[in-house]
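I have placed the structure first, in the form of structure tokens, so that the comments after it can refer back to it.
Protein chains: 6
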Amino acid sequence: MDVITLGESMVLFTPDSPGPLRFATNFNKKLGGAESNVAIALSRLGHQTGWISRLGSDEFGLYVRNFIRGEGVDTSRVIFDEQNQTAVFFKGLNPGQDPNVFYYRKHSAASQLSPENIDESYVSKAKYIHLTGITPALSPTCRETIYHVLDLAKKHKQTVVFDPNIRLKLWSKEEASDVLSDIAKQCHIVLPGIDEGQLLTGNDSPEEVANDLLQGDTHTVVVKLGEKGSFLATKDHQQYVPAVNVSHVVDTAGAGDGFAAGFMSGLLRGFDYLQSVELGNRIGAHALSVSGDVEGYPYWNKMNTNNQEVLR
Amino acid sequence: MDVITLGESMVLFTPDSPGPLRFATNFNKKLGGAESNVAIALSRLGHQTGWISRLGSDEFGLYVRNFIRGEGVDTSRVIFDEQNQTAVFFKGLNPGQDPNVFYYRKHSAASQLSPENIDESYVSKAKYIHLTGITPALSPTCRETIYHVLDLAKKHKQTVVFDPNIRLKLWSKEEASDVLSDIAKQCHIVLPGIDEGQLLTGNDSPEEVANDLLQGDTHTVVVKLGEKGSFLATKDHQQYVPAVNVSHVVDTAGAGDGFAAGFMSGLLRGFDYLQSVELGNRIGAHALSVSGDVEGYPYWNKMNTNNQEVLR
Amino acid sequence: MDVITLGESMVLFTPDSPGPLRFATNFNKKLGGAESNVAIALSRLGHQTGWISRLGSDEFGLYVRNFIRGEGVDTSRVIFDEQNQTAVFFKGLNPGQDPNVFYYRKHSAASQLSPENIDESYVSKAKYIHLTGITPALSPTCRETIYHVLDLAKKHKQTVVFDPNIRLKLWSKEEASDVLSDIAKQCHIVLPGIDEGQLLTGNDSPEEVANDLLQGDTHTVVVKLGEKGSFLATKDHQQYVPAVNVSHVVDTAGAGDGFAAGFMSGLLRGFDYLQSVELGNRIGAHALSVSGDVEGYPYWNKMNTNNQEVLR
Amino acid sequence: MDVITLGESMVLFTPDSPGPLRFATNFNKKLGGAESNVAIALSRLGHQTGWISRLGSDEFGLYVRNFIRGEGVDTSRVIFDEQNQTAVFFKGLNPGQDPNVFYYRKHSAASQLSPENIDESYVSKAKYIHLTGITPALSPTCRETIYHVLDLAKKHKQTVVFDPNIRLKLWSKEEASDVLSDIAKQCHIVLPGIDEGQLLTGNDSPEEVANDLLQGDTHTVVVKLGEKGSFLATKDHQQYVPAVNVSHVVDTAGAGDGFAAGFMSGLLRGFDYLQSVELGNRIGAHALSVSGDVEGYPYWNKMNTNNQEVLR
Amino acid sequence: MDVITLGESMVLFTPDSPGPLRFATNFNKKLGGAESNVAIALSRLGHQTGWISRLGSDEFGLYVRNFIRGEGVDTSRVIFDEQNQTAVFFKGLNPGQDPNVFYYRKHSAASQLSPENIDESYVSKAKYIHLTGITPALSPTCRETIYHVLDLAKKHKQTVVFDPNIRLKLWSKEEASDVLSDIAKQCHIVLPGIDEGQLLTGNDSPEEVANDLLQGDTHTVVVKLGEKGSFLATKDHQQYVPAVNVSHVVDTAGAGDGFAAGFMSGLLRGFDYLQSVELGNRIGAHALSVSGDVEGYPYWNKMNTNNQEVLR
Amino acid sequence: MDVITLGESMVLFTPDSPGPLRFATNFNKKLGGAESNVAIALSRLGHQTGWISRLGSDEFGLYVRNFIRGEGVDTSRVIFDEQNQTAVFFKGLNPGQDPNVFYYRKHSAASQLSPENIDESYVSKAKYIHLTGITPALSPTCRETIYHVLDLAKKHKQTVVFDPNIRLKLWSKEEASDVLSDIAKQCHIVLPGIDEGQLLTGNDSPEEVANDLLQGDTHTVVVKLGEKGSFLATKDHQQYVPAVNVSHVVDTAGAGDGFAAGFMSGLLRGFDYLQSVELGNRIGAHALSVSGDVEGYPYWNKMNTNNQEVLR
Ligand SMILES: Nc1ncnc2c1ncn2[C@@H]1O[C@H](COP(=O)(O)OP(=O)(O)O)[C@@H](O)[C@H]1O
Ligand SMILES: Nc1ncnc2c1ncn2[C@@H]1O[C@H](COP(=O)(O)OP(=O)(O)O)[C@@H](O)[C@H]1O
Ligand SMILES: Nc1ncnc2c1ncn2[C@@H]1O[C@H](COP(=O)(O)OP(=O)(O)O)[C@@H](O)[C@H]1O
Ligand SMILES: Nc1ncnc2c1ncn2[C@@H]1O[C@H](COP(=O)(O)OP(=O)(O)O)[C@@H](O)[C@H]1O
Ligand SMILES: Nc1ncnc2c1ncn2[C@@H]1O[C@H](COP(=O)(O)OP(=O)(O)O)[C@@H](O)[C@H]1O
Ligand SMILES: Nc1ncnc2c1ncn2[C@@H]1O[C@H](COP(=O)(O)OP(=O)(O)O)[C@@H](O)[C@H]1O
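Residue numbers (the working numbering), protein chains in the order written: chain A, 1 to 312; chain B, 313 to 624; chain C, 625 to 936; chain D, 937 to 1248; chain E, 1249 to 1560; chain F, 1561 to 1872.
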């Protein structure tokens, strides 16, 4: 197993056309979930990945599990919950503005994830553990699960990659900042977006954000900068890595998760950090020109790795 | 005001085509809610109705309020809740079987309805109060609200019409039976479906069900019998009232609510009980040939009341 | 040229799903028009047909012309009107009931059809002239046009086939009955539905209806009887001709026009009247199992004429 | 009542995808009508508004009435016409060009609006009367109705706001110019688009247009300038008011009506003219990023009035 | 591994609404393929299954592989072909008639399947081998592959289950009959539809068909009889097994494959032949009430095995 | 007859929304085919055109024939093939990238086109013959057919217009270059895109490409340069002709075919070469703002020929 990740995936409903959701008449069903995005992107890039979660024992739970399994991700540790439901959410599109998101995830099956749901022998086989800042916001047991996995990773000397992914619909800035800072410093690699870095550190520039986060066990930070690319910082090397040029941005959702997948893919292939960040930038860019989170991630055999352009 | 009702309405998502929901790709947005069904049907029949509820201060809350208001129902007492969301639900269609329903209504705005949300001066103006057995299943405060409204109705000498509407996805048979029996006997008119009557009384036949329910303040019971019509029972008169013949049944949802509306419409027009039940049967029949709960209810001016046939 | 017909064709909008039109959100665009139905059905059966009309010089006019031309019907005499529009109509489907139709055809381009629009040398080349009772209801000039064509047919000794096609949304029973009776007796072959025959003659049975219509120039009457088939009457021969058995009736629109086409196709092939009526019944039956007027008419080479079953 | 407006609303059909309408296969149903746009926008901004009109007693009439009523606009004076139909129109979208519009509104129910349909006691209660230049183009009785309402407003000393809204599909430039100039000078506030101002006055610049229109009873003119904002002119003050910056313009329909609503909302709130124009500009801008006329108008409680940016 | 099957799967396009395909405007994408149907149905029933095939290295190949993999079927032996494409087909629905099917599968990737593509060590692990009569019709190399697999099964003493599945669009009756008879007698269990049995044996009754097919290695025959259920025949026992009663038949496609899966599931669970046929009947019935081949197959944990009714 | 062209037309399926085809759920049916594009565009411009081809005797063949016939193109020489199918193809849209195209045209009916299918008396009546480089790539008999038509054109002294239209999915660069160069020099007018010109001649600049192609019978070359317009070259005159400015490019498919039609339309109207190229540029520009190949071509009576702007 190359990478194991855990978190909540949901069914996403998006209307056919932009505008306020109350006027939408037709909705399409899609998959949403940062961690499964990463697992799927990694699987397409040729890596063995596992996704751990809880889903409702309902139609939407089967949809989520089968979609992710269909992408080649190992879902053997997904637990079907007879008591709680698979979460759903709705996303209204407003051209030129942030999407309008409505979650129905309180008391969802995934929010009941707890340390007992984690199979140590399974987790211990992964080269990398990928965690996000969404999971600890879901419930106290989810938060405990994250800490439990951090302990296991320490015990098994696994590298932990952390994407803060702050969702202010789920908790307050203060609580998010406290908890995520604490988690971040127990992770070896931290991949904040610049806004998240600012929120976590109180600093403004990528340089300062990165320096602040390079503490505890954290030896590498990459600050994601959207169309400006990313900023790579280890204790002894720091550098801006420009983005791939994308002419038609359709939907930015999934770019950050694509970055994480590309970056880990680089590391798994033995690329150095710079090359891995470049690969992260490329996979992030692939997410942009398609509506939906995972639809844009490329298969490794369709990519021309000598070519800086996004090929599809 | 002719009738005031209160309860939860939700956004309903139904797929384009029948089959398990996990394979559906396109969903349509509709309105769902037994009490708003009754209010809408009554409004089309020419009566002044008010619907009391709480909705999330979100896109779906506006959709629900505007739809119901658009139908001519007074929504001036609807409260928009900044903390809790408008509920949604999904309904999978399986030809020849019961639909497969998934609710996302726990902790919804409507479940926070409480006695303080009831404006006594508003409620006291109605000739009839309409309640259903769904509301007390939603939360303790909802249950208190029902009892509070019963008290107000007593104080203002209003007639209360009760539709047990047992939803076993919301509570156990035992709890439902206890609570609803207690409520029923404080209501003047009770309109159970035959299954509900059986569950509430432990009896089998419409006659026995009706006799059992004719207790406390209850002076009239109509047992709804689907394609067999209904059974009318007062303390001194009992009679089967045959259904209108409907050749193409598309969707039975909303038939019971249509019955309640037709029956109350009859009473409001000064019809006797038998005529009112006949009108109930006719409005119930109108709901059957259209997908959606409220789409089929007729406008009074499109109905030929001398004609036993369903006209549209 | 085998058959020339003239009349109005319109764009038809039908909702995706049944129910009152005010709740429909998606509409499909189709072609509607009794005379073009006949022309199209005849063309598929291998005959040369021409359709004369006026259309608005607008997008919908091009749609109608191109659709009909695409079916192989000669549209060289269609006039594009810069002043008046192509008509549209909407059809709401109510399972088990008649569709709910809303026309927007007043002052349409076709209603401006007048005798000057008729090219005598073109019309005179046809073996059969097909007229319907819709055209004289559209406007005084349309009515004049019908009488003008009757004169031309007389002059050129052509057989005129008349389908009364009474549309009570367009005129009163009295006016329809007066005008259409007068036209009918100048036509050689009259093809009423049984209801129309009753309205025109005041009689009940197919026999009486036919006898009454066998006057003036009319030597042959076929009364269409829906699932009971049709009743053929000439001055010296009368006979019921049973319908083809159709298990799934989806949409009855277009059956009568299919009958007319099949019947004329038989005559054009040299079939006797009975065989021609049988072919009419078969083509009528083909219209039933598909939504839309013309979609179901068969191509001659897909029909097995020895086989009484509807083949497709 | 804050504002009363009167005019025609129609059902609008737009295709799913851009291109000539003859190739479109799926159409969506929406609401169209300048005056109801204004009433709806005002209602969302928190004002009591009434909309007077005639609708066909048909499915589309109910759709239009219920939609507008659902938005909180008083429709108690809408008359359902048993004789004439609700109008419809079709709009083809051609990227980068003006939409291609086809009306079916001749002899519509609304075109039969006449002075007797106006309830003086109702109209007299409004602080503002809103009129557009579309209504007088619909029919002679509609034109009389406008003059009748002007008389009533004079009698009851109400402020009349006039949007010339010239529709050259309905009448000639000459007739439009004559009639609308005459009406404009009887209105207190005139809100022409720059093109309309040019047509009415024969002048080019906003300054000249405004000066010319400041005659008769007209004391305030605002010339709408699209992305350049608007030009405010009273007898003693004139000023350009820049537009809100909108990055993604999806559909400009409804911007002018949003401006009128925002401007009147300002006046109703006691804003000065400049502030009211600024609010007009903001509401106009909200209409741009959504397809459909009314979908984009904001609710007052979702707007941050200290913020010049369009918030949604 | 419980069952291994091999064959071609394709992308199926079906129109939104019934009628001739030339008038359809919207098509939905689905999965089609008898062998993957069986594999998916078995997987839902709780068995480990593998599906061997070739797919084009194209979007549709990924769709097919991911769909099947998502259902829990092992696809590790699927070969992506850079030269040849994934097949597609179109299915027009005509109510009350057989669907109209158009294949685009000549020279498809799957038709290039050849003995070298078969991994003996993989195949040898299965308890059952499932083959259909479609594969040998695709190409000479496909036919060789079937014989090669029969040889491997013999060598490894595996039970072979054969569904003749005669497709007359792919080859002539004569060729089909010759080849399939030869294959059938090398298989232990043969599951013909009654029509297929008639074609293979020249006999009429289920009894005669079964007796004729009980030759060579064939020790068990089940003749599928549609709504009449099935006829089970071993050398010493023969019996009709009635079908489950299904009130709404939506789409019969996939019933035969569901039967095969249910029957094998019974054998794998240690059921006797009769019980296995009963389970086959039940799973076949599940396929009928949903459009699409695989959408209706049930999960084992949703079935109440004590209940003869189809539960879903 | 003004122009006769011959080649393959196919049914094109495009998804509702951009992104990889494997995630698309709804597909729309359209027409595709370079030669029928040219014939349709010419017909709309007022010219008599004929399109020769073979189609499968199936639903899609009827769709293609009827669509093209509906556009006014003579299809009397289209042959329906009982053995081979009408081709289909799928086109995935990726914003900002080339579409992803999948053909199912091997062994199609059109690929069986052969010299015997060409009716000399029909072909000899055209003023211009239009050929493309797609046809010779389809099969040896198609290639022979092209040479046969070239011979007929020579015999009847007709002008041949050739669009190289190189499709590298159909053959190799080398084969394409050899065959097309040979054909080009037998044609009087050659209309390559700049890429095609480069591939055929090995040169870079429009000037060099044109000079190289001005050999054999070729007396005029126009190199199409996309948004840069085109380069006109005869033996004694060479000139760049700027494109029409198009603000919103939706779909570039069909631009080259529109150019060819506009150019030939000019020649047929007696325009000089420069004017004809200008008309070509204008018609090419019309194709750009609409999705689909032929949807954007204008009708002659909707064009203001004095106006350089694209009018629609
Ligand atoms: N507009 C863009 N153009 C090119 N690349 C982009 C663009 N937006 C995002 N990316 C790429 O995707 C990566 C992640 O996107 P970003 O939006 O920064 O992540 P997050 O959503 O986690 O904040 C960026 O580091 C960059 O490489
Ligand atoms: N199949 C039917 N045919 C005719 N009328 C029906 C049919 N089903 C319901 N109705 C009418 O609607 C009323 C309410 O329907 P029912 O299904 O009994 O209510 P509930 O859903 O509350 O149990 C019935 O009393 C009857 O008059
Ligand atoms: N339900 C049916 N079953 C079989 N054939 C039918 C059916 N309905 C109509 N037809 C055939 O179509 C013909 C015309 O249909 P009909 O409904 O009688 O015509 P019209 O619409 O002109 O009254 C009939 O004569 C009959 O042959
Ligand atoms: N492109 C735009 N950007 C920003 N604001 C705009 C734009 N177009 C319109 N508006 C705003 O909407 C108002 C009305 O739009 P306009 O198009 O001028 O009205 P009308 O349609 O009545 O001519 C303008 O005054 C301006 O404030
Ligand atoms: N109409 C039906 N009602 C109930 N069961 C059916 C029906 N049609 C098929 N089945 C079940 O599915 C099984 C397979 O269907 P059948 O149509 O006989 O297979 P095939 O398609 O292979 O010929 C049958 O043996 C029966 O058990
Ligand atoms: N972006 C564009 N803007 C304006 N005109 C264009 C554009 N693209 C193509 N055209 C016009 O269409 C013609 C043909 O388009 P082009 O793409 O060059 O053809 P082809 O597809 O055959 O290579 C061009 O010569 C030009 O006149």
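Just so it is clear, CB atoms sit at the ideal spot from N, CA and C, and this is done for glycine as well.
Bridge partners of residue 545/B according to DSSP: 533/B, 550/B. Put simply, the residues with a CB less than 6 Å from any heavy atom of ligand 4 are 1129/D, 1160/D, 1161/D, 1162/D, 1163/D, 1165/D, 1166/D, 1179/D, 1180/D, 1182/D, 1185/D, 1188/D, 1191/D, 1192/D, 1195/D, 1217/D, 1220/D, 1221/D, 1224/D, in chain order.
Around the C-beta of residue 1602/F, 16 or more other C-beta atoms lie within 10 Å, and the residue is accordingly described as buried.
Contact residues of the segment 946 to 977 of chain D toward chain C are 949, 956, 957, 958, 960, 961, 962, 963, 964, 965 (C-beta to C-beta distance below 7 Å). For residue 726/C, the uninterrupted beta strand (DSSP E) segment begins and ends at 724 to 728. Within chain F, the residues placing a beta-carbon under 8 Å from that of residue 691/C are 1630, ordered along the chain. Annotation: Cβ neighbours of residue 292/A in chain F (cutoff 8 Å, chain order): 1579, 1583. DSSP places residue 474/B in the strand class (E or B) of the three-state scheme.
Separation of residue 1184/D and residue 1225/D (C-alpha to C-alpha, rounded to the nearest whole angstrom) is 6 Å.
One finds 1266, 1343 in chain E with Cβ atoms closer than 8 Å to the Cβ of residue 874/C, taken in chain order. Residue 1310/E reaches chain F at 1582, counting residues in chain order whose Cβ is nearer than 7 Å.
Around residue 1213/D, the same chain offers 1158, 1166, 1168, 1177, 1199, 1202 as residues with beta carbons nearer than 8 Å, after the five sequence neighbours per side are excluded. Taking 8 Å as the upper bound for CB-CB distance, residue 1115/D and residue 942/D are not in contact here, some 16 Å apart. In the DSSP assignment, residue 1342/E falls outside any alpha helix (DSSP H) and carries neither an H nor an E. Note on the segment 1496 to 1553 of chain E: whole alpha helix (DSSP H) runs with a minimum of 4 residues are 1503 to 1516, 1521 to 1534, in chain order. Our two residues, residue 1030/D and residue 1797/F, have alpha carbons roughly 37 Å apart in a direct line. Counting only Cβ-Cβ distances below 8 Å, residue 1042/D has contacts in chain C at 730, 731, in chain order.
DSSP links residue 1288/E through a beta bridge to no other residue. As summarised for the segment 674 to 719 of chain C, the continuous alpha helix (DSSP H) elements at least 4 residues long and confined to that stretch are 683 to 694, given in chain order.
Residue 15/A carries a strand assignment under DSSP once its states are collapsed to helix, strand and coil. Judged by pairs of C-beta atoms under 8 Å, the segment 711 to 730 of chain C does not touch the segment 1627 to 1647 of chain F, as fewer than three such pairs exist.
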